[in-house]
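For reference, the structure discussed in these notes is given below.
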Amino acid sequence: MEEFRKAILIVRDPIVLTRTAEDFRWSKLVSGFLKINTDTAIREANNPVGVGTIIRDSDAKVLVVVAKRMEACYDPLMAEAAAILFGIRVVVERGLLPVVLESDAKGVVNMINLGSGFCYDIGAILSDISSLANHVEIPISCVPMKANEATHALVKLVFLSFEDSWWHDSCPFCLESIIRSDCFA
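To convert, note that position 104 of the sequence shown is 104 in UniProt numbering; the numbers rise steadily by one, no gaps.
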């Protein structure tokens, strides 16, 4: 039955015609790989941007959680691109490879993977993402927002503090139930 369910997923770029409940959850990886989920949030007043990254192993164990507040006037696309670049830099600087990266920012992911958008304001960030991701072979894919729920909740925390927040081998208490249900529901 599971093979049948996967077989009926018909993907036409970029529309998914049929989805199962599992498609909206964090999905496990091949053993030995890590997964980075990134997201962003923008606060209307003064436009601070929150970027966040959750890094898990192939068994969904949380390895690193990072939330960073940026005082920038980014539009939503630039903020999502900044979050992806931030996530890539975190894993590269810490040698957490091999990885795959997921974001719910479909427009940004498409621009990165198609090599387009480099002439717009977002171009410098996209160029940095592409060269860094290609250099260390990080595939970047888009997932539904529901599959990125934990990271979305994480980035909202940055508006409660002015400091960058890091967790190693754990996560904020307020995210534990989201992460647990995200992976094992």
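Virtual Cβ for every residue (Gly too), placed ideally from N, Cα, C.
All values derive from a computational prediction rather than experimental measurement.
With a threshold of 16 other CB atoms inside 10 Å of the CB of Lys61, please say whether the residue is buried or exposed.
Taking the first residue of the sequence shown as position 1, residue 61 is located at position 61. Exposed is the call here.
Less than 6 Å between C-beta atoms, sequence neighbours within five positions excluded: which residues of the same chain meet that for Ala67?
Reading the sequence shown from its first residue, position 67 is the one you call residue 67. Answer for Ala67: Gly52, Leu154, Leu157, Val158, Ser165, listed in chain order.
If we call anything under 8 Å between Cβ atoms a contact, is Val109 one with Ser131?
Translated into positions along the sequence shown, residue 109 becomes position 109. Translated into positions along the sequence shown, residue 131 becomes position 131. Not in contact: Val109 and Ser131 (Cβ atoms no closer than 8 Å).
Of the residues Thr151, Ile42, Ile122, Arg94, the one placed nearest Gly107, counting alpha carbons only:
In the sequence shown, counting from the first residue as 1, residue 107 sits at position 107. Minimum Cα distance to Gly107 is reached at Ile122.
Classify residue 191 as helix, strand or coil using the three-state DSSP reduction.
The requested residue 191 is not part of the displayed model; the chain covers only 1 to 185.
Less than 8 Å between the CB atoms is what I'm expecting for Val99 and Leu175, so what's the real figure, rounded?
For this step, residue 99 is matched to residue 99 along the sequence shown. For this step, residue 175 is matched to residue 175 along the sequence shown. Contact flag wrong, Cβ pair sits at about 20 Å.
Which residue comes first and which comes last in the beta strand (DSSP E) that contains Met70?
Position 70 of the sequence shown, counted from the start, is the residue given in the question as residue 70. 62-71 is the span of the beta strand (DSSP E), which, as asked, contains Met70.
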